[in-house]
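Working notes, structure below.
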C-alpha cells in the first residue's frame, strides 16, 4: 500500500490566482469557440435541402452531416490526450485554426463531395474545441468556483445547439447576402468569429505546462476509428439502409472488431493510452461516462424529435420551429446557471444530476400526452421541464468527472465526457427517429382508415416528403397529424424509460469534496511536493510523490483524511474515511 504525506498544500486562492475580470476575459474567447463548435452540429440540418439543390447533390446530402459527426467524435479523445501531453493552449489554437480553415473551404465548395470532405475537416477542429474549452476552465479555476463559470458554457452549448436550425434556416432562406448565396454564410460567419476567439485566447490565456514525456497512442486512435466510424455511419444511414440490411451487418461486425482491438490496445498501453482504462476504476469517472452517454441520447434524441412535431403537426417552418423551442432553451440556461451558482456557494453537486434526471424523465413522459390538438402553451411547459432537467445534468456530470481524476488527466476526463455524450447523441437520434418513422408508418394508415375519408386523396402522400400535406384539406390532413403525434408518443415513452437509467447512475455518483486548487495549481503543488519513500509491490524502496488514495473493498478509492489537503481538496467535515477521494493514480518519479 502506498504511503501518504500529510503536508498541506499552500492555501489556494478561490479563483486560482486570477481575478474575476481576468477570468471573464479568457472566457469570452472560449465562449465564442464553444458557440461555434456547438452551432455547427445542427446549423446545416435545416439548410441541407437548399444546399443540395444548389450543388446538385441532394441524394448524398446525409454525408455532409455524417462526415462532421464522425470526425468530431473521433477527434475529441485525441485532442484531450494531446492537450495533457503538449498543453491546452497550443492544442486549442490548432483546433480553432482547423475549424476556421474547414469553414472557409466549406463556403467555397462547388459540389456536395467537396462540401462533405471539408465538413470532415471542420469536424476535426470542432472535436477539439468543445472538450478543450472545459479543460481550460478546469486548469484556471478551482472546482468549487468552476461550477459557476461552467454553467455559462453549458448554457451556451445547449442554446447554440438548439438555435442552429433557426440560424441555418434563416440564412438558407436568403437568396444572397452581399452577392454571396445565403447558405454559404452558414460557414463564412465562422471565420471572423473564429479569428476573434483565436485572438482573444492568444492574448489573454497564459497556462503553465510541463511537457510530459509520452508517446502518442496512434495505434489506439486507429483502432478507435475502425470501431466507431462504421457504427456512426449506420446510426446516421440506418433508417435509409435498414438496420438489419447486409450493409448494416458489415458495419456492426467491423465496428465490433475495432472496439475489441481498441480495448486490447488501450489495456496494453497503460498510461500512454488514448483513454487510459485505469480511469474506469474511479467510480465517478466510470459512472459519469455512462451517464454522459445516456443523457446525450435523451438530449439529442429529444432535440431531433420535438422540432419534427412542431413542423409536421403544428405546421411551423424550420425557422419558426426553432423559435418555438425557446422554452426548452430557457429551461437549460436557467438550470445551468442556477446549479452553477448553488454549487459554487455550497460545494455540493450530487443533487443536481439526480433531480435533473428525474425532471428529464418527467418531461419526456408528460410529452407523451401531447397530441395533434394540444395547445402550444402546454407543449412549451413540457419542453421547459425537460430543459430544466437537461441543464441541471450537463455541467454537474463534467464537474464530477474532472474532480475525480488526477489534474494531469484533466484533458482526458473532460474529452471523455464530451465523447460519450456525442456517441450517445448519435445513437439516441438514430434510435428515436427510427422509432418515430416506423410507428408513423403504422399509426397514420390506421388513423386514415378510422377517419372514413376517401383513400384516393392520400395517393401522393409520402412520409419522407411531407410537403404534400399542404395540398390536403384540413379534414383530410387531420388523421395524418393524429397518427404522427401518436407515433411521437412512443418516442417520448422510450426516451423517458431510457432516462430512468440516468436517474440510477446519478444516484451512484459519490459527492467527493471539491478541490480547493485549480488544475494547474494542483499540478504545481504535486511537482513541488517532496517524494516519499515507500515499498513497491516487490518490497523494494521507491519514491512516490503526494499519494492519493487507499483502495476500499468495493474497488473505489477512500481518502485517508490528510490526503485531501495535499491534493488541494477541502478536508472532510465528518471524520476521516467518510468521503471517497477519487484520485487513484500514483505519480512515480
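In the UniProt record's numbering, the protein residues as written are 1 to 589.
No residue lacks a Cβ here, since even glycine has one placed at the ideal position from N, Cα and C.
Treat the numbers as computed from the prediction; the structure is a model and nothing was measured.
Length of the line joining the Cα atoms of residue i and residue j
| i | j | result |
| --- | --- | --- |
| residue 178 | residue 19 | 42 Å |
| residue 51 | residue 176 | 13 Å |
| residue 330 | residue 302 | 15 Å |
| residue 171 | residue 43 | 10 Å |
| residue 450 | residue 253 | 43 Å |
| residue 354 | residue 346 | 17 Å |
| residue 629 | residue 407 | Nothing can be reported for residue 629, as the shown portion of the chain is limited to 1 through 589. |
| residue 479 | residue 434 | 21 Å |
| residue 454 | residue 481 | 16 Å |
| residue 352 | residue 412 | 23 Å |
| residue 287 | residue 401 | 9 Å |
| residue 472 | residue 167 | 30 Å |
| residue 111 | residue 55 | 5 Å |
| residue 448 | residue 306 | 23 Å |
| residue 109 | residue 122 | 13 Å |
| residue 81 | residue 415 | 8 Å |
| residue 341 | residue 215 | 40 Å |
| residue 339 | residue 474 | 45 Å |
| residue 499 | residue 428 | 11 Å |
| residue 143 | residue 181 | 45 Å |
| residue 304 | residue 424 | 13 Å |
| residue 358 | residue 151 | 19 Å |
| residue 174 | residue 187 | 14 Å |
| residue 419 | residue 289 | 9 Å |
| residue 430 | residue 203 | 42 Å |
| residue 91 | residue 374 | 49 Å |
| residue 469 | residue 477 | 7 Å |
| residue 36 | residue 323 | 19 Å |
Whole-Å CB distance - residue i paired with residue j, under 8 Å assumed
| i | j | result |
| --- | --- | --- |
| residue 592 | residue 231 | Residue 592 is absent from the structure shown; the chain starts at 1 and stops at 589. |
| residue 130 | residue 34 | 6 Å |
| residue 421 | residue 242 | The Cβ separation is near 27 Å, so there is no contact. |
| residue 157 | residue 127 | With 8 Å as the limit, residue 157 and residue 127 do not qualify as a contact, their Cβ atoms being about 14 Å apart. |
| residue 332 | residue 390 | 5 Å |
| residue 125 | residue 46 | Not quite, the Cβ-Cβ distance comes to about 22 Å (not below 8 Å), so this is no contact. |
| residue 146 | residue 136 | Not quite, the Cβ-Cβ distance comes to about 11 Å (not below 8 Å), so this is no contact. |
| residue 155 | residue 29 | Not confirmed; about 17 Å, so no contact. |
Helix, strand or coil at residue i according to DSSP, with G and I counted as helix
| i | result |
| --- | --- |
| residue 88 | helix |
| residue 510 | coil |
| residue 50 | helix |
| residue 375 | coil |
| residue 305 | helix |
| residue 275 | coil |
| residue 57 | coil |
| residue 415 | helix |
| residue 109 | coil |
| residue 560 | Per-residue confidence for residue 560 stands at a pLDDT of 34, beneath the threshold of 50, marking its modelled position as unreliable; the derived number appears in the next sentence. Residue 560: coil per DSSP, three-state reduction. |
| residue 402 | helix |
| residue 407 | helix |
| residue 349 | coil |
| residue 202 | helix |
| residue 454 | coil |
| residue 369 | coil |
| residue 216 | coil |
| residue 225 | helix |
| residue 141 | coil |
| residue 44 | coil |
Residues sharing a beta bridge with residue i, DSSP
| i | result |
| --- | --- |
| residue 176 | 181 |
Check whether the stretch 472 to 490 touches the stretch 271 to 282, counting contact only when three or more Cβ pairs, one atom from each stretch, lie closer than 8 Å.
In this structure the stretch 472 to 490 does not lie against the stretch 271 to 282, because fewer than three pairs of beta carbons, one per stretch, are closer than 8 Å.
Any chance the stretch 383 to 393 sits against the stretch 97 to 105, with 3 or more Cβ pairs inside 8 Å?
When Cβ pairs closer than 8 Å are counted between the two stretches, the stretch 383 to 393 is seen not to touch the stretch 97 to 105, the count staying below three.
With a cut-off of 8 Å, do at least 3 Cβ pairs link the stretch 262 to 276 to the stretch 445 to 460?
The stretch 262 to 276 is not in contact with the stretch 445 to 460.
So, does the stretch 189 to 204 touch the stretch 362 to 378, judging by three or more C-beta pairs under 8 Å?
No, because fewer than three Cβ pairs between the stretch 189 to 204 and the stretch 362 to 378 fall closer than 8 Å, the two stretches do not touch.
Tell me whether the stretch 314 to 322 and the stretch 434 to 447 touch, counting them as touching only if at least three CB pairs, one residue from each stretch, are closer than 8 Å.
Judged by pairs of C-beta atoms under 8 Å, the stretch 314 to 322 does not touch the stretch 434 to 447, as fewer than three such pairs exist.
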